[in-house]
Amino acid sequence: MHINAGKNRPFRAPGHVQGCFALESILDEAAEKLNMDPLEFRLKNYAELDPVDNIPYTSKLLKQAYLKGAEKFQWKDKWKQAGSDPGPLKRGAGLASQIWWGGGSPPAYVTLKLNSDGSIQIHAGTQDIGGGTYTFIAQIAAEVLEIPMEKIDVILGDTAICPYGPSSGGSTTAPSVSPAVRDAAEQMKLKLVAAAAAILAIPEIQIEYKQGVCSDRKNAEKKLQIPEILEKMDEKILIVTGAREANKEGYAINSFGVQFAEVEVDTLTGKVKVLKIVAAHDIGRVLNRKLLENQFHGGIIQGLGFALTEERIMDRNTGKVLTTNLHDYKIPTAMDTPDIDIVIVSEGDALISNTGVKGTGEPAMIPTAGAIANAVYNALGVRIKSLPITPDKILTALYSQHQ
Amino acid sequence: MKRFEYIQPEKLSEASLALGKSWEEALPYAGGTDLYGMLKHELVQPDKIVNLKKLPGMDKIEYSQKSGLKIGALVKISQLVKQDVIKEKYPVLHQAAAQVASPQLRNMGTIGGNLCQRPRCWYFRSEFQCLRKSGDICYAVDGENKYHCIIWRRALFHCSSLRYCSGFTGPGCTINRRK
Ligand SMILES: Cc1cc2nc3c(=O)[nH]c(=O)nc-3n(C[C@H](O)[C@H](O)[C@H](O)COP(=O)(O)OP(=O)(O)OC[C@H]3O[C@@H](n4cnc5c(N)ncnc54)[C@H](O)[C@@H]3O)c2cc1C
Ligand code: SF4
């Protein structure tokens, strides 16, 4: 559909944030009609198979996310009869769940170059838009090759010198690139072990690899450091190319999660304050807890802005957008940010890739607005059906309720 | 951006001379928190900018029982907040000043600049040639005005975006619709 409102622009989890708000609001309404706790309603309608294609998921731990998240949030104590607080400050609790793809896929390559001094350069034709690509690439190679991260240089963002990698979209960077890094590092390890075995004239299986040193399992005296191996091989560098393996056929790959929100609504001013968000997700393996938290905080704060303050206001007479600066288009600041708890219920998903990672960037944001909207309903007993939930909408809704 | 001459007078008389008679020609510059935005968005295009910061004696707050409170035009908003006498005798002013914008803006913004800042109205700040920009209509009246204060009084609109002004509505834009 074409409308005279300007073009769409990139946004985290396009379509899902909006769709999740609508769907999860409707689910809440359905639960209420049936006189059910919204959490219980969702657990009762839980899909073990992908309902569209009737195939299994590589993994789906949404149920665990519901249960662990609810416990952390204290859902049973916080969710109440809608609008039951006497006011004027009314509290409420709400939840919303999330699905996303984000399992990554081929093609994605990295080249890993080992220099004769034992330092490493990894080239990948992807980029780091803040998600921590530099860090996880170095981290995986460091873990496999047991080499300190300081010895590893990661070179990204230049397609002229780096092998093909995915664009930063769809939460696919880590799930596509991380397996290629692991593949490359494992290949390099095999190369070193094979070379050491040849040099020491013993079978490969007899070589023990530890922290960049290859030694004879039967005679620990016999060992070779990386510089020695390369020298004996008469090589200055070793290069390998790692690739992301294909996804398994017959499985749906999705990430899942649920977020719980607690809000306090001032019924005199219409202002909503978000007090707490608990995010419980199945996103495969966590590569780096700090980076993960960073993604979640960013996503949740962005979701909070989408729920409450960020509004593109268009002049009804001319069609021109009026909120063209960050003064009028309000994004949340530290003052608006609630207490956030992140619960990860997943380990690595072995059916996806050698790292078992699902993407996190977009899942972090998808359910936030829906959860906040449901919490606002729980506080007020009046449902606001459009975002952002600004004070004028709340006051109008409360006013018409009393008419 | 149009080229402009930058003048930094050290005496009030020099400043008056530099400012001349017309706002188009020369604009005073105090904290710059409003002026810079106006210049950047080409909402003003003066020939000269006259920095007031070196003018002596304009950054004082004086109070006496008899003559009341006198606030110099170059007094920073954050200075107002720190004054006990304002907190005690003029609590509304104190409260309002404490809530203006953000700490950084309160440290830069002056009282003179605050009172003389241009409307925060989103029509004014974008490409609309509204009444305040020598156009013939106020776009807010029949447009998006949920943050505006429009009071219909004898063909007079008092329009200012009140959300930035708690307590004192200095930078209002009072206009005659039948201009
Ligand atoms: C993000 C943001 C949020 C804000 N929020 C608020 C708010 O909540 N409440 C509020 O009241 N304001 C708010 N403001 C406005 C802010 O208070 C003003 O920008 C500030 O007070 C202006 O002071 P200044 O010294 O920086 O003025 P300048 O930017 O230096 O000048 C502003 C205007 O006044 C003129 N001028 C300056 N000094 C004099 C003088 N002595 N004599 C004659 N003319 C003079 C200049 O020529 C210019 O046109 C906000 C501004 C921003 C950018
Ligand atoms: S409110 Fe004032 S500044 Fe805004 S459009 Fe109307 S006349 Fe212009």
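Protein sequences appear in the order of chains A and B.
Oh and the first sequence: position 32 is 23 in my numbering, straight run, nothing missing.
In my numbering, each residue's number is its place in the second sequence (first place is 1) plus 509.
Positions of the beta carbon are idealized from the N, C-alpha and C atoms, including for glycine.
Given the structure is predicted, the values throughout are model-derived calculations rather than measurements.
Under 7 Å from the C-beta of residue i: neighbouring residues of chain B
i: Ser86 of chain A; result: Residue identity differs from the one stated: residue 86 of chain A is Leu in this sequence, not Ser. Correct list: empty, because the minimum Cβ distance to chain B is about 30 Å.
i: Asp383 of chain A; result: Lys655
i: Asp257 of chain A; result: Within chain B, no residue comes near Asp257 of chain A; the closest Cβ sits about 16 Å away, beyond 7 Å.
Among the options, nearest to residue i - alpha-carbon criterion
i: Pro139 of chain A; options: A:Gly310, A:Gly203 and A:Gly148; result: A:Gly203
i: Leu80 of chain A; options: A:Thr258, A:Ile268 and A:Gly(-3); result: A:Thr258
i: Pro218 of chain A; options: A:Ser107, A:Asp332, A:His272 and A:Asp327; result: A:Ser107
i: Asp593 of chain B; options: B:Ala610, B:Tyr572, B:Ala582 and B:Met617; result: B:Tyr572
i: Ile193 of chain A; options: A:Ala176, A:Ala211 and A:Glu177; result: A:Ala211
i: Glu636 of chain B; options: A:Pro323, A:Asp383, A:Val312 and A:Ser344; result: A:Val312
i: Ile558 of chain B; options: B:Tyr538, B:Arg615, B:His550 and B:Leu552; result: B:Tyr538
i: Leu34 of chain A; options: A:Ala188, A:Gln197 and A:Gly248; result: A:Gly248
i: Gly622 of chain B; options: B:Pro555, B:Gln604, B:Tyr545 and B:Lys591; result: B:Tyr545
i: Ala711 of chain B; options: B:His550, B:Leu589 and B:Arg512; result: The question about residue 711 of chain B has no answer, for chain B in this structure spans 510 to 688.
i: Thr150 of chain A; options: A:Asp174, A:Gln118 and A:Glu240; result: A:Gln118
i: Gly541 of chain B; options: B:Leu528, B:Thr619, B:Gln638 and B:Ala649; result: B:Thr619
i: Trp631 of chain B; options: B:Pro612, B:Ser611, B:Leu526 and B:Asn654; result: B:Asn654
i: Ala610 of chain B; options: A:Gly60, A:His318, A:Lys262 and A:Val334; result: A:His318
i: Gln638 of chain B; options: B:Val553, B:Leu528, B:Ser525 and B:Ala527; result: B:Val553
i: Gln613 of chain B; options: B:Leu521, B:Ser522 and B:Ile586; result: B:Ile586
i: Ala99 of chain A; options: A:Ala270, A:Gly122, A:Ile335 and A:Ala175; result: A:Ala175
i: Gly116 of chain A; options: A:Gly156, A:Glu20, A:Ile304 and A:Trp66; result: A:Gly156
Beta-carbon proximity of residue i to residue j, cut-off 8 Å
i: Leu221 of chain A; j: Met179 of chain A; result: no
i: His114 of chain A; j: Pro154 of chain A; result: yes
i: Pro97 of chain A; j: Ala234 of chain A; result: yes
i: Pro518 of chain B; j: Leu548 of chain B; result: no
i: Asp543 of chain B; j: Arg627 of chain B; result: yes
i: Thr397 of chain A; j: Leu147 of chain A; result: No answer is possible for residue 397 of chain A: it lies beyond the span of chain A, which begins at -8 and ends at 394.
i: Ser162 of chain A; j: Gly352 of chain A; result: yes
i: Asp144 of chain A; j: Ile111 of chain A; result: yes
i: Val172 of chain A; j: Ile230 of chain A; result: no
i: Thr359 of chain A; j: Glu302 of chain A; result: no
i: Tyr57 of chain A; j: Leu30 of chain A; result: yes
i: Val101 of chain A; j: Val168 of chain A; result: yes
i: Ala378 of chain A; j: Ala298 of chain A; result: The sequence as given places Leu at residue 378 of chain A; Ala does not occur at that position. In this structure, Ala298 of chain A lies closer than 8 Å to Leu378 of chain A by Cβ.
i: Gln407 of chain A; j: Arg208 of chain A; result: With chain A covering only -8 through 394, there is no way to say anything about residue 407 of chain A.
i: Thr126 of chain A; j: Asn279 of chain A; result: yes
i: Glu284 of chain A; j: Ile333 of chain A; result: yes
Close beta carbons around residue i, own chain, < 7 Å, minus the five adjacent residues each side
i: Trp70 of chain A; result: Asp28, Ala84 and Asn369
i: Ala186 of chain A; result: Ile220 and Met224
i: Val265 of chain A; result: Ala252, Val254, Leu295, Pro329 and Ile363
i: Arg662 of chain B; result: For Arg662 of chain B, the pLDDT reaches just 36, beneath the cut-off of 50, and the residue's location in the model is therefore unreliable, leaving the point undetermined.
i: Gln293 of chain A; result: Arg3 and Met356
i: Ile375 of chain A; result: Ala364, Val367, Lys384, Ile385 and Ala388
i: Asp556 of chain B; result: Phe513, Glu514, Glu534 and Ala535
Proximal chain A residues relative to residue i, where beta-carbon distance stays under 7 Å
i: Glu653 of chain B; result: Ile304, Asp306, Arg307 and Leu313
Where residue i meets chain A, residues with beta-carbon distance less than 8 Å
i: Ser635 of chain B; result: Lys311, Leu313 and Thr315
Cutoff 6 Å; reference residue i; Cβ partners in own chain excluding five residues on either side
i: Gly361 of chain A; result: Cys11, Phe12, Glu15 and Ala87
i: Ala460 of chain A; result: Beyond the ends of chain A as shown, which are -8 and 394, falls residue 460 of chain A; an answer cannot be given.
i: Asn238 of chain A; result: Ser96
i: Gly74 of chain A; result: Leu371 and Gly372
i: Asp568 of chain B; result: Gly581, Leu583 and Val584
i: Lys214 of chain A; result: Val204 and Ser206
i: Met617 of chain B; result: Gly540 and Thr542
i: Ile228 of chain A; result: Lys104 and Asn106
i: Thr49 of chain A; result: Tyr242, Ile244, Asp340, Leu342 and Ile343
Contact list for residue i against chain B, beta-carbon separation under 9 Å
i: Asp319 of chain A; result: Arg629, Trp631, Arg634 and Tyr656
Cβ shell of residue i (< 8 Å), same chain only, five flanking positions each side left out
i: Gly577 of chain B; result: none
i: Ser246 of chain A; result: Gln89, Ile90, Trp91, Trp92, Gly93, Gly94, Ser162, His272, Asp273, Ile274, Gly275, Lys349, Gly350, Thr351 and Pro354
i: Lys575 of chain B; result: none
i: Leu589 of chain B; result: Ile570, Ile580, Ile595, Leu602, His603, Ala606 and Ile620
Positions along the segment 639 to 652 of chain B whose CB lies within less than 9 Å of some CB in chain A = With the criterion set as a beta carbon lying under 9 Å from some beta carbon of chain A, the members of the segment 639 to 652 of chain B are Tyr648, Asp651 and Gly652, in sequence order.
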